[in-house]
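Enquirer: A single structure is presented below for examination.
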Amino acid sequence: MLICAAHRLCQLKRLVRLGFLPLVTTLFLLSTVMAAEAYRTDHGFLPPGTSTCDAHVPVTLSVPPNAAPIPDPFQRQYSGGFYHVEEINHGLFYMTDGVYQAMFIVSDQGIILVDAPPSIGVNQQDQQRSVSLLDVIYSIPEARGREIKKLIYSHSHLDHIGAASVIKDVFPNVEIIAHEETKELIARGTGTVEPFLAGSGSIPPPLPETIFRDQATVMLGSQGLELSYQGPIHQPGNIFIHAPKQKVLMLVDVIFPGWSPFSDLAVASDVPLFVAAHDKALAFEFDTFIGGHLNHLGTRADVEESRRYIQDIKANTITALFDPSLFAIFSMVPANSLGAFAIYLDQVACECANLTLNAATTPSGTDWLGRFGAADINTVGHCWRMAEALRIDPAF
Ligand SMILES: [Zn+2]
């Protein structure tokens, strides 16, 4: 049932199965179990007496200066009050509602839009005063009167493309472009969706007319985008979107500048590729990074910093996986191997989070709590996901 990914880990497991625990480890365990409090993990509270890792990272929900919103809606810096549209350069604009981001390029032939998040245009304070995604785009004078000719899906997730039918209804001839896997996933759709996504377009979204496998170039007038697929990093079909002239790179749901990613490595479908995606991103020539979420744009330095954070988590997960003290749970509940293993993995995540969120113990020496928003909340989940992948994924 349990698969060993690392030879050293297999040896440790064999020792545990044989009931071998060194005396010093047992004594250490007794002291830590006595002192430990129940630790909140992604999977609930551990049963009393089973915690061998005492979490000492306070959850504050505070946002460090590095993660503060730019522009700041609370300082009335949004161009549209409850949404913001801003030109990056050479006719390439990004738009955000503080939670989601999309981009579009204006050319003399029309507009290329990348993603259609259903939340952008929704006025959370007063739903009656909401506007459509098209209104948000046309809040920019340079865009007004120009047809949306091409719509690119970054991937198939509805929170990023759920308003695509709004575009298609107004511009039936719009060419929708996506990776072939994205088309497959949308075609499988049943129409079930979270209520907050349902209001701004029909679900499932329209299927792409144009699909590609490895690379594609999208041109419109003097503007162009390079699309490339480098594997199922976050989701099968998620693509890198590069604007060479503007030196902008868009990769959605992988890198969150200034922030710890969304839960569990942003629910990556392929953790080794998720780790490698940071290097792949940095191989592009770009000055500005669009991650698809939050307010502010990223820089190369932001992507490099996100890479350091993920590398820290990987290194600290390996340390925790090989910590023999965490094997105690297997002898505590020998009749429940599945339950014991779940607790073991939670404890590995706990130890990894403790190591990562302490500048003195994490390899890069970074104070991640002082640098990244949501590091206090999300690091333990990243560690859990990383541990599970390191244990069994042959690509690691
Ligand atoms: Zn996604």
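Okay, so the sequence shown: first residue is 618 according to the numbering used here, each after it adds one. Note that the Cβ used here is the ideal one computed from N, Cα and C, for glycine as well.
1. May I have the straight-line CA-CA distance separating Ile1009 from Asn995, to the nearest angstrom?
2. Using 10 angstroms around the beta-carbon of Leu1007, count the other beta-carbons present and answer buried if the total reaches 16, otherwise exposed.
3. Spell out the partners DSSP gives Phe857 in its beta bridges.
4. Would you give the residue range spanned by the alpha helix (DSSP H) that Ile729 belongs to?
5. Compute the minimum distance between the beta carbon of Asp887 and the heavy atoms of ligand 1, and state whether it is under 7 Å.
6. May I have all residues whose beta carbon comes closer than 5 Å to any heavy atom of ligand 1, sorted in chain order?
7. Would you mind stating whether Thr834 and Glu792 have Cβ atoms separated by less than 8 Å?
8. Can you tell me whether DSSP reads His774 as helix, strand or coil?
9. Under the rule that 16 or more other beta-carbon atoms within 10 Å means buried, what is Gly987, buried or exposed?
10. If you run the structure through DSSP and keep just helix, strand and coil, what is Ile705?
11. Answer yes or no: do Val723 and Gly708 have a C-beta to C-beta separation smaller than 8 Å?
12. Touch check for the stretch 886-904 and the stretch 848-867: three-plus C-beta pairs under 8 Å?
13. Taking Cβ to Cβ, would you say Gly727 is nearer than 8 Å to Lys766?
14. Can you pull the DSSP bridge partners for Leu768?
15. Where in the stretch 889-946 do unbroken runs of the beta strand (DSSP E), each at least 3 residues long, occur, reported from the N-terminal end onward?
16. Tell me the rounded alpha-carbon separation between Gln863 and Val950.
17. Measuring CA to CA, which of Ala991, Ser756, Phe1013 is closest to Ser679?
18. Under three-state DSSP, which class holds Tyr961?
19. Would you call Val787 buried or exposed, if buried means 16 or more other Cβ atoms sit within 10 Å of its Cβ?
20. Can you say whether Ser696 is buried or exposed, counting buried as having 16 or more other CB atoms within 10 angstroms of its CB?
21. How would you call His999, buried or exposed, if buried means at least 16 neighbouring beta carbons within 10 angstroms?
22. Please classify Arg805 as buried or exposed, where buried requires at least 16 other C-beta atoms within 10 Å of its C-beta.
23. When DSSP builds the beta bridges, which residues end up paired with Tyr711?
24. For Ile769, I'd like the list of residues in its chain whose CB is within less than 6 Å of its CB, leaving aside the five on either flank, ordered along the chain.
25. For Glu843 and Pro823, what's the separation of their Cα atoms in angstroms?
26. Nearest to His859 by alpha carbon, out of Ser736, Leu899, Asp993, Trp985?
27. Name the two residues that bound the continuous alpha helix (DSSP H) containing Val783.
28. Just checking my contact of Pro734 with Asn912 at CB under 8 Å: how many whole Å lie between their CB atoms?
29. Tell me which same chain residues have a C-beta within less than 6 Å of the C-beta of Val997, skipping the five on either side of it?
30. Within the same chain, show all residues whose beta-carbon is closer than 7 Å to that of Ala976, passing over the 5 residues directly before and after it, in chain order.
31. If you run the structure through DSSP and keep just helix, strand and coil, what is Val753?
Expert: For this structure:
1. Indexing the sequence shown from 1 puts residue 1009 at position 392. Indexing the sequence shown from 1 puts residue 995 at position 378. Near 22 Å, if we compare the C-alpha coordinates of Asn995 and Ile1009.
2. As a first step, residue 1007 is located in the sequence shown; it is residue number 390 there, counting from the start. Leu1007 should be labelled buried.
3. Within the sequence shown, residue 857 is the residue found at index 240, counting from 1. According to DSSP, Phe857 bridges with Ser845.
4. Locating residue 729 in the sequence shown gives position 112, where the first residue counts as 1. Element bounds for Ile729: not the alpha helix (DSSP H) but the beta strand (DSSP E), 727-731.
5. For the purposes of this step, residue 887 is taken as residue 270 along the sequence shown, with counting starting at 1. Flag unset: Cβ of Asp887 not near ligand 1.
6. Ordered along the chain, the selected set is His774, Asp870.
7. Against the sequence shown, residue 834 aligns to sequence position 217. Against the sequence shown, residue 792 aligns to sequence position 175. At a Cβ-Cβ threshold of 8 Å, Thr834 and Glu792 do not count as neighbours.
8. By one-based count along the sequence shown, residue 774 stands at place 157. Looking at His774 - three-state DSSP - the assignment turns out to be coil, as it is neither helix nor strand.
9. Mapped onto the sequence shown, residue 987 falls at position 370. It counts as exposed.
10. Taking the sequence shown and counting its residues from 1, one reaches residue 705 at position 88. Three-state DSSP puts Ile705 in a strand.
11. The residue you call residue 723 lines up with position 106 of the sequence shown. The residue you call residue 708 lines up with position 91 of the sequence shown. Contact: yes.
12. yes
13. The residue labelled residue 727 in the question sits at position 110 within the sequence shown. The residue labelled residue 766 in the question sits at position 149 within the sequence shown. In this structure, Lys766 lies closer than 8 Å to Gly727 by Cβ.
14. Counting from 1 along the sequence shown, the entry for residue 768 is found at position 151. Answer is Leu730, Ile793, bridged to Leu768.
15. You should have 905-907.
16. Working through the sequence shown from its first residue, we reach residue 863 at position 246. Working through the sequence shown from its first residue, we reach residue 950 at position 333. When rounded, the distance between both Cα atoms is 58 Å.
17. For the purposes of this step, residue 679 is identified with residue 62 of the sequence shown, where counting begins at 1. That would be Ala991, whose Cα lies nearest to the Cα of Ser679.
18. Within the sequence shown, numbered from 1, the residue matching residue 961 stands at position 344. It is helical.
19. Locating residue 787 in the sequence shown gives position 170, where the first residue counts as 1. It counts as exposed.
20. Working through the sequence shown from its first residue, we reach residue 696 at position 79. It is exposed - the Cβ of Ser696 has fewer than 16 other Cβ atoms within 10 Å.
21. Locating residue 999 in the sequence shown gives position 382, counting from the first residue. His999 comes out buried.
22. Position 188 of the sequence shown, counting from 1, holds the residue named residue 805. Arg805 should be labelled exposed.
23. Working through the sequence shown from its first residue, we reach residue 711 at position 94. Bridge partners of Tyr711: Glu703, Met720.
24. Your numbering for residue 769 matches position 152 in the sequence shown. Excluding the 5 residues flanking it on each side, Ile769 has same chain C-beta neighbours closer than 6 Å at Val731, Ile794, in chain order.
25. Within the sequence shown, residue 843 is the residue found at index 226, counting from 1. Within the sequence shown, residue 823 is the residue found at index 206, counting from 1. Near 22 Å, if we compare the C-alpha coordinates of Pro823 and Glu843.
26. Position 242 of the sequence shown, counted from the start, is the residue given in the question as residue 859. Relative to His859, the option among Ser736, Leu899, Asp993, Trp985 whose CA is nearest is Leu899.
27. The residue you call residue 783 lines up with position 166 of the sequence shown. Val783 -> alpha helix (DSSP H) spans 781-787.
28. In the sequence shown, the residue the question calls residue 734 occupies position 117. In the sequence shown, the residue the question calls residue 912 occupies position 295. Contact flag wrong, Cβ pair sits at about 14 Å.
29. One-based indexing of the sequence shown puts residue 997 at position 380. If we look at Val997 and ignore the five residues flanking it on each side, its Cβ neighbours are Ala966, Ala970.
30. The count along the sequence shown starts at 1 and reaches residue 976 at position 359. Here the set comprises Gly982, Thr983, Asp984.
31. Locating residue 753 in the sequence shown gives position 136, counting from the first residue. Val753 falls in the helix class under three-state DSSP.
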